[in-house]
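In the working numbering, the protein residues as written are 16 to 1072. Beta carbons: idealized from backbone N, C-alpha and C, even for Gly.
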C-alpha cells in the first residue's frame, strides 16, 4: 500500500492551527514549570531587563526562584545558559556605540535556544527520549478535536524556527543564534548561509551583521576567494535553484555541498511546499537550519498542509507572534475603518478621510516634535499598498488600477478647492456618509485639528503636499529610479509622494487614457525618491507601493495605511503588512506604546502611536479582521476615558507631612562623585564556580558547578594579565546603562580597587589566582569586571542615599504634592485617571460617566469601574485592576490596584471600621497610594524603592508615617540583601535627621512588607530557610494570610507602635 508523507486538507475539514501543534515549545515550557507561553510571559514581564553587577540576568533570579517546579533541568545549568547569552551579547555589543539590552522576551527566546542546543549537541539520545515521552503524554490526554502528535526522529532536531512578530527583534535573535550555535557545534562547517527574500533585505542584513561583529559577505558563485568558515554568506531565495541552466545569477544547491548552517529570514516564504522550500531543504539536508518569520501561522493555514504544520510544530522553539507582542504593550494601537457597504460613491470621501487622519498626525508631530523624538517617534508617512507588483490589472475584461483611484483623489483635492473644503467640513461634523453600527464612522475623530475646513485645506496644501498654491497633480517618471513615479503639485519644486510599482509604462498609459487631467512628465535629473523616505529632511509624505513594501523594508515612519486590493486570501501578507505599520521603538527603546508604560505622557501622543487603516475596497476587510482576531486581538476601536479624581480637602487640612527632597534638588545633576579606590565601608564579594563535567552513559553529558577556594584578593601576577582598558570600557558601559551619569571613573583607579584588601572578597580556585590557560584568563577578566561593577554600584548608590538623606525634609501634604498631580494637562488642571479601553466597552464607559455626574462614583463602590471606597484614602475613586474579557482589555494610568494591594486596602478599611465601633479611637488614620519614580516618595539603597502606600497615624500633633509594600515574595532571597525589607532599619535615623515643621511635635517613620506569598511557600526559600513567623514579624515582614481571631492580625501588627 503506498504511503504519503504530505497531506493537503481539501477543505472538507478544518485545518489544525499551528498554535495547537507546538510540541517542542510545550516541552521547553515543561522544563521550567510553565503551562504555556502566556504564563511564562506574564511571570517574566515585570522583571528588570539586562544583567546585574554579578553579570547574571535579572530574569535568571526569577527563574531560579521557581526551581522547585523545574523538570529535567537544574539551576546550575540555567546559570550556564545565562552566562552564554551574556557572552554572546557582549560579542555583538563590542563595536556598538549604543549597546543592545535584550527585552525580556528576546532573552527568553535566546534561553530556549540555549536549552535546545545544549540538549541537541550534548545529550541527543536522552533529548529524543524526553521529547517523545512528552508526545505520548500529550496524546493520552488529548481532546477529540485535537490532532494526534507524531514522535520526534533525529532528523527533526536539525531545524529551529522562531515565530516572532514584526518589530520584536528577529534580526537580533539571528545574531545571537549565530554566536550560540558556534559555541555548541562540534562539527566543522563548510558554509554559513543567510537566505533572504530580496536584495534590499540582504543589504540590510549585511550592514546589521557588521554592526554585531559578525563576519559576512555576499555570496559569489564564481572566482570567490577562500573565506573563513565562520563568515556568513548572504543570498536571496529567488536566486537558488536545484539545477543551474544557462547564464545569469542563479545559484545551484550543489554550490553549498557539505555541512551547512542555514539562516532563513521570512521563513514562511516557500512554506507551502513549492520549489523554494525544496531548494532550502536541499541546502540544509546535512546541516542545521534556523528560520524566522512573523507569519508562520498564516502561511501554514493558507497552505492547508497538515504534515508541514506538524513539522513546524516540532521546530518552533519560541512563539512571540503578534498576539503576544500586542498584549504585552508592544507596538502601536490600531484603528480599522470598515465600511458596511461597498464604497461606491463614497470612495473619494474615504480616501479624503485617510488624508485628513494622516494630516492630523503630521500636525501633532509638528507641534510636539521634541517630545515625539524623545519617544523615538519618526515623521509620519502615509502608505497605500496594493497586492500586485503592477499598478494595472484586469477585472471584468477592463483595465483597472487602484493606484489610479488614489491619485485621482489627490488630483481632485488639488484642482477642486470648493469640493475639498466642503468635504472636509462634512468629515469634521460627522456627516461623511460613511456609516457603521454606531453612526457616522468618523464623527469626532479629528479632534486635534481646527474646526475651520478652509484653514485645514491650506495647511494640507502647505505641509503635506508642499505647495503654496492649489493646482493639478503632476506625475513624473523618474528615469534614474526603476519603478518609481514621483508626485508633486503642478508648479511646486518639491515631491510629496512616490509611486513604487513594477510596470510604470503601462500605468502612465492608463493615466493618459483616463482623461482625468493628471499631467505626466519625465524627470531625468532626480534620483530615487523611495530611497529618500528615511533620510532626514525628506519631503516624501506619501508612498504608494506594492507587496515589495512588506518584505523587509525597514522604516519606522508608517503611521497611516490604505489597503489597495490586498488581503483577500493572503493571510501571511496581511499580518506582515500590518506589522510594518505597528512597529514602534517607544520611550527608551522599550518597543512599547505609552499607554503600556507607567508615568505621565504627552497628551496627544496616542495619535502617533495608533496605526490608522483605511480600506479602499472594503469587501475583503472582514477577512482582514478575522486574521487579527485569530491572533487574539480585538479590532474594536480604542477609547480613552478621562476620569477625574476628587481629593478630600478636609484630610489635606490635617497638616499631614511626608518626607521629600527639597524642591528642585537632584543628586545626578548637582553632585559629581568619583569612583574611589577606598570607598568608605564598601566591600563586595564574588564567588566563582569551578566547572566540572560528569559524563554518564551514552551521550548524555550533564554539567555541575562547585565553588571552591577561600575569600581573598587577586595577586599582582594575576592582575598583570587583566586588559584594563577593556575593563574600563565595560565598566563605563555598565554605569551608563544604570543611569549613573554623574559617576566619574578614572581608568588608573581600577587596579587600585582590585589591590585594596578591604574592597572585595573573592572566592575562587587557582584557575583565577594563577591562570595557566586562555580560558582561565578570560574567566579572570570577567571576574575583575564583575567585582568592579558591583563595587561601582554599591559606592554610587551609597553616596546617593547619603546625599538624599541630607537633603530631605518634611513637607506638609497639599494639593500640589506629586502623588496628587497626575495626568494634568494645559487648561485642565484637575488630576485624573486615564482609562484605555475599546468600543466594545462603550456601555460601561457611559455608566461610569453617569455615576461621575451623580457623585456615586466617589461615594460608593457599586457599579463600574471596579473600585474600593475607603473614606480615609486621600482621594476617590481607588480603582481595581480589571480585565475587559471578550470586549477588550482595560488599562489605566496610574495603574489600578492589583490583587495584593486590593486585599490590603479592603482589610485596612474593614479593620478600621471594626476598631471604630469597638473602641474610643483618638488616633486618626489616613492612606495614600504612593506612585512610582518621578512622583512618589522613594528611598535609595541598592536601587530606588517606592513603597505602594503611605499610611499616617495622627494623634494630636504627633504623626507616625508607615510605608507599606504589599507584594508576592517569590523573588526574595537573603534578608541582608533585601533592601526593601530592611527599609524599616534606616527610617528612624532619617526621621531624626529632618527638622520638624510647625504644628508638628513628633514624627516617626516605619515600614512593612506585606507578603501575598503564604508563609509555608516562603519559609523554605527566604534567607536560610529557618525563619519562624515571629522572626518575619520582628523584621517587619507580615503575611496577608495571617488573620487570627480578629480576622486582621497582620493589620493589627501595623497599628501597634
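Within its chain, find whatever has a CB closer than 7 Å to the CB of residue i; leave out the 5 residues flanking it on each side and keep chain order.
i            : result
residue 199  : 132, 133 and 136
residue 657  : 847 and 849
residue 106  : 194 and 228
residue 161  : 35
residue 1064 : 1057 and 1058
residue 1066 : 922, 923 and 926
residue 1012 : 672, 825 and 827
residue 1070 : none
residue 152  : none
Between the Cα of residue i and those of the options, spot the shortest distance and give me the residue it belongs to.
i            : options                 : result
residue 743  : 764, 437 and 361        : 764
residue 445  : 368, 179, 1014 and 1066 : 368
residue 558  : 525, 500 and 1032       : 500
residue 81   : 745, 498, 987 and 150   : 987
residue 579  : 607, 629 and 553        : 629
residue 144  : 172, 1039 and 806       : 172
residue 1008 : 983, 853 and 821        : 821
residue 838  : 823, 693, 660 and 807   : 660
residue 815  : 766, 869, 757 and 861   : 757
residue 217  : 236, 252, 244 and 928   : 252
residue 95   : 112, 70 and 118         : 70
residue 739  : 790, 768 and 213        : 768
residue 610  : 955, 236, 910 and 159   : 910
residue 741  : 728, 762, 730 and 732   : 762
Check whether the Cβ atoms of residue i and residue j sit closer than 8 Å, and answer yes or no.
i            : j           : result
residue 188  : residue 177 : yes
residue 363  : residue 424 : yes
residue 882  : residue 889 : no
residue 1018 : residue 672 : yes
residue 519  : residue 492 : yes
residue 752  : residue 116 : yes
residue 298  : residue 274 : no
residue 783  : residue 794 : yes
residue 805  : residue 977 : no
residue 746  : residue 798 : no
residue 736  : residue 792 : yes
residue 486  : residue 533 : no
residue 574  : residue 836 : no
residue 88   : residue 46  : yes
residue 209  : residue 280 : yes
residue 852  : residue 68  : no
residue 510  : residue 480 : no
Please work out which residues of its chain come closer than 8 Å, Cβ to Cβ, to residue i, disregarding the five sequence neighbours upstream and downstream, and give them in chain order.
i           : result
residue 387 : 379, 380, 617, 620 and 623
residue 538 : 491, 492, 493, 494 and 501
residue 942 : 885, 887, 888, 889, 920, 923, 964, 965, 966 and 967
residue 421 : 366, 399, 559, 577, 579 and 631
What distance in whole Å lies between the Cβ atoms of residue j and residue i, which are believed to be in contact at a cut-off of 8 Å?
i            : j            : result
residue 1030 : residue 1054 : 5 Å
residue 346  : residue 598  : 6 Å
residue 432  : residue 472  : 7 Å
residue 396  : residue 556  : 7 Å
residue 938  : residue 969  : 7 Å
residue 436  : residue 469  : 5 Å
Run through the DSSP bridge pairs and tell me what residue i is partnered with.
i           : result
residue 198 : BP columns for residue 198 are empty, so no partner.
residue 455 : 450
residue 461 : Paired residue(s): none; residue 461 is not in a bridge.
residue 765 : BP columns for residue 765 are empty, so no partner.
residue 308 : 178
residue 851 : 655 and 906
Within a Cβ cutoff of 6 Å, which residues of the same chain sit near residue i, ignoring the five residues on either side of it in sequence?
i           : result
residue 186 : 223
residue 428 : 435
residue 219 : 569
residue 482 : 476, 504 and 507
residue 866 : 872 and 878
Are the C-beta of residue i and some C-beta of chain C separated by less than 8 Å?
i           : result
residue 142 : In the displayed structure, chain C is absent; only one protein chain is listed.
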